[in-house]
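Since the structure comes first, as structure tokens, the remarks are kept for the end.
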RNA sequence: GCUGGUGUAGCACAGUCGGUAGUGCAGCUGAUUCGUAAUCAGCAGGUCGCGUGUUCGAGUCACGUCACCAGCUCCA
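In my numbering, the protein residues as written are 0 to 582.
See the structure below:
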């Protein structure tokens, strides 16, 4: 038997422990508020939760009292006893206890299911288990109720909203404290906070979900796009740009009107209905159709940094991660059927190159045909198999996300991990047989006949806005040298070195570096602190000594004082760092 | 959109029982010319998110509304 059987290294044990803690929470709630109805209470990655239906909502102030009651339950050393009941008796028991949600759960269990309960003291709950054997196994000083919010019964937004209490627990007090400390640290790198502090972007009441980019944010964004263009050129893409507003007939033809109109902004122009694009593909179709194509031209890789608008629900908005207008680094690739696999792999290679440039890890999900879709099942299955084979051939793993594809085709989604371990969907590769059909796209084959091309929709960064949010958190605002909005700050120690500082700055500026000077009459410590807080990669300190010797004193944001060197030495070093786009 | 919470100066916050606003940082002015994460002093800065109501009197109470935060639902 493994040594770690009863530690959190064993996920099953961790989940069992946390599940038992959620039962203790439910018991505490029932003791303090007997009229509350129980829903469900599982273990989750960070802890556990329990959903309740309460007449009076559970508020943050109530959590303290609940925690106190939970501690009491731990100390009461109540054994957890499992028992099973036949279906009818199980329903009867829950009806007697007036637990309608539990009754519904039992009714939905398959005919032959074993219906088990766990009893601890006066509290009995429908539960598959397993559980710890006694409430005293849960450390009374190593759990915490973290928040309470609403959650739909069975995750269905058309059903009742219940009250969810979240909590977390560990085997030791120190582990709980370390966890809470980690959460605090993660908050410090929240891109909304850093975006404000570093002057990157702003969100205003006048435009909820419509971000403003400030000068430093624009520098970051433009530098990022410069890199993006360089990579895409290398991978054989051409760049186009299509309009933001197009008439409604187009959106009917593409299927967006039928499948996406709730998220679309519309307007009238000269009495005619138009819509603001929520996706770039129809524009790309029109460009393809502009002239006849030969098989010799394919694949055509048309990239577009397209600004799209989507009416997201107000509650879904979240900094730059979830906005109502964003720029997709889109591309539409038109190709023959036998080019599909190579082309998908070509896209995956590009993804690998780009993500590794930022040191980002990803997970792939394959999303298959949704209920709301266009096209034939056979096409969908073929497309799904092609996507699957393309990545498994490359030795990559994926998770299946059944029924989550786009309405026009299946997709591979690339989820990048942020600082708190949340994952954000950024890249996606979507294989589409439907749009070319709807728009009657054609190419002339070697046989002189007309054929229908297939197409890929793909984004790497996903949305420029979201990607900037992700890397802001990933780097905690300390962007690598090539990306940093301000790369260098030159600061004289006294007014006597001011001219020398300005000369150094001018030389660096002439070499194309983003450099600022701080010639204010402040102590050097004060200037350094400010540059440090602004996460500027290099600080160049010059005083009488440097001016006399013609050198500079270099300080790095992470390593402190690096001593003096000549400007040439320094320039050689940072030029290399910039041109290789080093991490 | 839903549930709960929050909204006071550019930023981070305080404001008791209802009696028309404070602190720190940033800003401005002056002094200081200083060697690697905050020099000192002075000054200025607010329709307390917005609207309506209750009250002799509202930052404080009520209702409405907008935005934000946590989560649910949805998603790049």
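We treat Cβ as the ideally placed atom computed from N, Cα and C, and that holds for glycine.
Residues that DSSP places opposite residue i in a beta bridge
| i | result |
| --- | --- |
| residue 28 | DSSP lists no partner for residue 28. |
| residue 162 | 51 and 149 |
| residue 540 | 490 and 552 |
| residue 481 | None; residue 481 has no bridge partner. |
| residue 449 | 443 |
| residue 586 | The structure shown has nothing for residue 586, since the chain only spans 0 to 582. |
| residue 119 | 79 and 122 |
| residue 168 | 142 |
| residue 245 | 274 |
| residue 307 | 325 |
| residue 405 | 408 |
| residue 209 | In the DSSP output, where bridge partners are listed per residue, residue 209 has none listed. |
The beta strand (DSSP E) enclosing residue i, as first and last residue numbers
| i | result |
| --- | --- |
| residue 135 | Here residue 135 belongs to no beta strand (DSSP E), and DSSP marks it neither H nor E. |
| residue 457 | 453-462 |
| residue 609 | Residue 609 is absent from the structure shown; the chain starts at 0 and stops at 582. |
| residue 84 | 79-84 |
| residue 268 | 265-268 |
| residue 515 | 514-516 |
Span of the alpha helix (DSSP H) around residue i
| i | result |
| --- | --- |
| residue 491 | Premise fails: residue 491 lies in the beta strand (DSSP E), 487-491, not in any alpha helix (DSSP H). |
| residue 232 | 214-233 |
| residue 362 | Element bounds for residue 362: not the alpha helix (DSSP H) but the beta strand (DSSP E), 361-366. |
| residue 383 | 376-392 |
| residue 426 | First-last for residue 426: 422-431, but that is the beta strand (DSSP E), not the alpha helix (DSSP H). |
| residue 4 | Residue 4 -> no alpha helix (DSSP H), and no H or E assigned at all. |
| residue 193 | 190-196 |
| residue 172 | 172-187 |
| residue 255 | 255-259 |
For residue i, the three-state DSSP class (helix, strand or coil)
| i | result |
| --- | --- |
| residue 574 | helix |
| residue 522 | coil |
| residue 111 | coil |
| residue 127 | coil |
| residue 250 | helix |
| residue 300 | strand |
| residue 61 | helix |
| residue 286 | helix |
| residue 412 | strand |
| residue 351 | helix |
| residue 279 | coil |
| residue 334 | strand |
| residue 37 | strand |
| residue 328 | strand |
| residue 400 | strand |
| residue 320 | coil |
| residue 565 | coil |
| residue 105 | helix |
| residue 371 | coil |
| residue 238 | strand |
| residue 504 | helix |
| residue 475 | coil |
| residue 293 | strand |
| residue 509 | helix |
| residue 559 | strand |
| residue 466 | helix |
| residue 201 | strand |
| residue 315 | helix |
| residue 12 | helix |
| residue 154 | helix |
| residue 97 | coil |
| residue 582 | coil |
Whole-number beta carbon distance between residue j and residue i, since they are thought to touch under 8 angstroms
| i | j | result |
| --- | --- | --- |
| residue 516 | residue 490 | 7 angstroms |
| residue 506 | residue 411 | At roughly 48 angstroms, the Cβ-Cβ gap does not stay under 8 angstroms, so residue 506 and residue 411 are not in contact. |
| residue 462 | residue 338 | Residue 462 to residue 338, Cβ: 28 angstroms. No contact. |
| residue 240 | residue 434 | Residue 240 to residue 434, Cβ: 19 angstroms. No contact. |
| residue 513 | residue 531 | Not really, about 17 angstroms apart at Cβ, beyond 8 angstroms. |
| residue 25 | residue 46 | Going by Cβ atoms, the distance from residue 25 to residue 46 rounds to 14 angstroms, so no, they are not a contact pair. |
| residue 280 | residue 456 | 6 angstroms |
| residue 278 | residue 255 | 7 angstroms |
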